[in-house]
Amino acid sequence: MTKQQENLVLNFDNIEHSHPMCKHGPCLLFVKQSETENKYYSCSACRDSVDCNIHIPYVEEQKLLPNQYKSLIEYHEQAYYSYISEIKKLRKNARSVRKKFKEASSHNANKRNYCKTCMCLFSTSNLNIHQDHDCAYALNNKQMKQPCQNLLKPLQKKESNAQFFFKETFINYLIDKVLLVGQWDGILCIGCPTIFEALNVQDKIKRKKLFLLDFDQRLINFYPRKKFLMYNMFNGHFFEDSIPFQQFLSSIQNCLILCDPPFGALFEALAQSIKNIHTYGQKTIQHWNLILFSPYFHEKWIQKFFTLFMLDYKIEYTSLPHLCRGRKGSPVRMFTDCKLNTFPPLDDNNYKYCDYCQRYTLLTNKHCFECNSCTSKDGLPYYHCKLCQRCVKFERVHFTFEALLLILIIFYDFNSVNYIDIMITAILVFNHHGQPRITKFYEHFPIDVEQKIIRETYQLVSKRDVSQCNFLESGLLVGKSSGDHKLIYRHYATLYFVFCIDSSESAYDIYELIHSFVECLDRCFENVCELDLIFHADKVHHILQEICLGGIILERNMSEILQAVNEQSKIEKQESGLGGVAGKVKSVVDTKTAKIRLDLEKKLDSRLD
1 MTKQQENLVL
11 NFDNIEHSHP
21 MCKHGPCLLF
31 VKQSETENKY
41 YSCSACRDSV
51 DCNIHIPYVE
61 EQKLLPNQYK
71 SLIEYHEQAY
81 YSYISEIKKL
91 RKNARSVRKK
101 FKEASSHNAN
111 KRNYCKTCMC
121 LFSTSNLNIH
131 QDHDCAYALN
141 NKQMKQPCQN
151 LLKPLQKKES
161 NAQFFFKETF
171 INYLIDKVLL
181 VGQWDGILCI
191 GCPTIFEALN
201 VQDKIKRKKL
211 FLLDFDQRLI
221 NFYPRKKFLM
231 YNMFNGHFFE
241 DSIPFQQFLS
251 SIQNCLILCD
261 PPFGALFEAL
271 AQSIKNIHTY
281 GQKTIQHWNL
291 ILFSPYFHEK
301 WIQKFFTLFM
311 LDYKIEYTSL
321 PHLCRGRKGS
331 PVRMFTDCKL
341 NTFPPLDDNN
351 YKYCDYCQRY
361 TLLTNKHCFE
371 CNSCTSKDGL
381 PYYHCKLCQR
391 CVKFERVHFT
401 FEALLLILII
411 FYDFNSVNYI
421 DIMITAILVF
431 NHHGQPRITK
441 FYEHFPIDVE
451 QKIIRETYQL
461 VSKRDVSQCN
471 FLESGLLVGK
481 SSGDHKLIYR
491 HYATLYFVFC
501 IDSSESAYDI
511 YELIHSFVEC
521 LDRCFENVCE
531 LDLIFHADKV
541 HHILQEICLG
551 GIILERNMSE
561 ILQAVNEQSK
571 IEKQESGLGG
581 VAGKVKSVVD
591 TKTAKIRLDL
601 EKKLDSRLD
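By full-length UniProt numbering, the letter at position 297 of the sequence shown is numbered 297, and the numbering carries on one by one without gaps.
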């Protein structure tokens, strides 16, 4: 969920009948609110045009639509009906596939194997055929009934259908401590196949009815229509007849929905889909509850469209281990409208009971009596800022008058009382798809200009061949006359690191500085990847701040930078009150600025002499 989506509104009117179709069902009507309202249809599930390139401008009458868009609509409608035919074919063959599984279950467990590459069962006598494939061997009955945990590879397309499977310890906690204890007689899983299959093998859960809605067509081979249907959670579309689902809802009175959307979910669309589900069961279901799994930094978007409270329990995944590392741990949380005392602690070592909030929280999440809540979001202690009138992170400290004066000294030239020319104008990091991961501007630009700079920089850099030079003129890119600035970039794996500098500066020095920055990231995060920049943005910006402040390079020595970051991390880990924090949180940036201040004072003294 990006800042650009703050001006985006979705229109769901008559979505099943009037909206164009693509492979993923009816498109969403996006309304981009700016100076001029822009309406267009686009795919509800894919954020990458490579996977689904449908983009149709909205017109009041179909006949006014240009022919090129009419042919695009026809192409995607044909793709949709082909996909429906494929699903029907899978359903038709599912009975024979499940029969094959039952036959395999009757064999010796040592002879039951499954090839994840070919997606088929095979006996030990056929080992040579699958010798170089990714296989699971000697499957027991429980493994045969849990294909997501043992047979199927998680889908990896992060722009559309990425699958992150929960850790088994959390699944067991959720089932034993929450689901079995609760009074729900029906549990609906939307995009939570591992939880569904774990429930499906539980003998104690038989008194509760289960149903799974998911977009993974491989699951058709393992579950009949009375338990599983193909479903898109962002447009509320069923790819099969929804009668079995309606029968499930009509047979229960209290329903719990478990939903695990992608990290880049459109929560407005998801909220509308869940409202539609409520409509299906409004005649029989008396009470609904929802547990939504999402990162804590989506809280403001989730609470905009749902009435949910965020628990600070850290939810971990097996298929995404690097998400859970670092001092903050996993960013994924549970958002729920259930009673908070319904959830016991995940473990006895890291959680405590807050008598004031009447719920369990992390040990590091201290109760604030002014906010009347345990306020920590990321798992680290917060403190109450009287100026902000809310709790904030420890490292956030207000500028003092002396600090503001120092900034004025740094940025003003003593000769003409004009701004000193800033060496670095902007630092941009974006991936292959042009999605920004770090944006740092050291000159002020309006937001729309910043977005234009990011887009044009991506277009310039991404189109350059590997054999071409890594230096290029930025031209009018940052609102200056042609030749005023240069772009220096380096390409690492899926990321482009771009520094926009003054044309008079040394491009080779900046080229080496980019590498030093990446090396620091790599040492701090141990083989840094794109997700580290997303989930540990505060630490990334801290590293960048040690290197460059206000467009001026403070430090190039990697060991000095890493030492400063490590010292700051140690300070953040110490638990103390506000007074202790104010005395201890001394960033090494202050040391660097102090050196600059001394140099400037010497410069001033020499001029006065």
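Built from N, CA and C at the ideal position, the CB exists for glycine as well.
Check                                                                                                                   : Outcome
Through-space distance from R490 to H515, alpha-carbon basis                                                            : 8 Å
Complete alpha helix (DSSP H) runs within the region 261 to 301 (minimum length 4 residues, chain order)                : 267 to 280
Nearest-angstrom Cα separation, counted from Q568 out to S504                                                           : 34 Å
Status (buried if at least 16 other CB within 10 Å, exposed otherwise) for I56                                          : buried
Minimum C-alpha distance to K328 - residue among I15, L290, D532                                                        : D532
Length of the line joining the Cα atoms of M21 and S125                                                                 : 46 Å
Rounded C-alpha distance that separates G264 from I195                                                                  : 21 Å
Assigned exposure category for L219 - 16 Cβ within 10 Å defines buried                                                  : buried
Integer Cβ distance of T342 from G236, believed to fall under 8 Å                                                       : Between G236 and T342 the Cβ distance is about 27 Å, and since that is not below 8 Å, they are no contact.
CB contact flag (Q246, Y280, <9 Å)                                                                                      : yes
Residues near T375 in its chain [Cβ-Cβ closer than 7 Å; skip 5 each side]                                               : C368, Y382, C391
Cut-off 6 Å between Cβ atoms - residues of its own chain near N14, not counting five sequence neighbours on either side : none
Bridge partners - L554, DSSP secondary structure assignment                                                             : L554 pairs with nothing; no bridge assigned.
Cβ-based neighbour list, F12, same chain, cut-off 6 Å, excluding 5 preceding and 5 following                            : Q272
8 Å Cβ shell around I454 - same chain, five flanking residues per side excluded                                         : L428, F430, G434, P436, T439
Exposure of T307, with buried meaning 16 or more beta-carbon neighbours within 10 Å                                     : exposed
Span separating the alpha-carbon of E530 from that of E61                                                               : 43 Å
Nearest-angstrom Cα separation, counted from G191 out to F499                                                           : 40 Å
Same chain, Cβ closer than 7 Å to C148, neighbours up to 5 away in sequence not counted                                 : F165, P193, T194, E197
Three-state secondary structure (DSSP) of V565                                                                          : helix
V540 versus V528 - alpha carbon distance                                                                                : 11 Å
Collapsed DSSP secondary structure at L210 in the structure displayed                                                   : strand
Endpoints, alpha helix (DSSP H) assigned at T169                                                                        : 168 to 173
For P66 and V59, the rounded distance between their alpha carbons                                                       : 10 Å
Nonlocal neighbours in the same chain, by C-beta distance under 7 Å from N470, ignoring five residues either side       : I488, Y489, R490, Y511
L472 beta carbon near the ligand ADP (any heavy atom closer than 8 Å)                                                   : This structure lacks the ligand ADP, and indeed carries no ligand of any kind.
Endpoints, alpha helix (DSSP H) assigned at R359                                                                        : Counting along the chain, R359 falls outside any alpha helix (DSSP H), though it belongs to the beta strand (DSSP E) covering 359 to 362.
Local conformation of N372 per DSSP, three classes                                                                      : coil
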